[in-house]
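Here is the structure we will look at.
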Amino acid sequence: PNVRLLEEPAKRYGVITFSGFGSQATMAQKSEELRTWLQGKKLTPIGAPIYASYDPPWTAPFLRRHEVWLALAAPAKP
Numbered sequence: 052p053n054v055r056l057l058e059e060p061a062k063r064y065g066v067i068t069f070s071g072f073g074s075q076a077t078m079a080q081k082s083e084e085l086r087t088w089l090q091g092k093k094l095t096p097i098g099a100p101i102y103a104s105y106d107p108p109w110t111a112p113f114l115r116r117h118e119v120w121l122a123l124a125a126p127a128k129p
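Using the numbering used here, the letters of the sequence shown map in sequence onto residues 52 to 129.
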């Protein structure tokens, strides 16, 4: 198989989890909800969202688990 493992430096992410259909429209809506929530907490999201879906397509929608991740800027040093 064509599998590669890459080592990356540690990062912080804000994550929102939801169930149901993981359509592009839903992912975009959840991305915006997460971005708004993070900004309300004085956290700065950076970069494009990462989408994660964990279940096969035949799983009942109410049992499906999805996540949207947004990387966070490093906190300002005092």
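Glycine is no exception: its CB is placed at the ideal position from the N, C-alpha and C atoms.
- What do you get for LYS62, buried or exposed, if any count of 16 or more other CB atoms within 10 angstroms of its CB means buried? With fewer than 16 other CB atoms across the displayed protein chains lying within 10 angstroms of its CB, LYS62 is exposed.
- Query: Between the Cα of LEU121 and the Cα atoms of ILE101, GLY91, PRO60, ARG115, which residue gives the shortest distance?
  - Reply: Distance check between LEU121 and each of ILE101, GLY91, PRO60, ARG115 places ILE101 closest, using alpha-carbon atoms only.
- Query: With distances taken between CB atoms, is the gap from ARG116 to THR68 smaller than 8 Å?
  - Reply: Yes; because the gap between Cβ atoms is below 8 Å, this pair is in contact.
- If you draw a straight line from the alpha carbon of LEU85 to that of PRO96, how long is it in whole angstroms? For LEU85 and PRO96, the gap between their C-alpha atoms comes out near 9 Å.
- Give me whichever residues DSSP pairs with LEU94 in a beta bridge. The secondary-structure analysis by DSSP pairs LEU94 with nothing; it has no beta-bridge partner.
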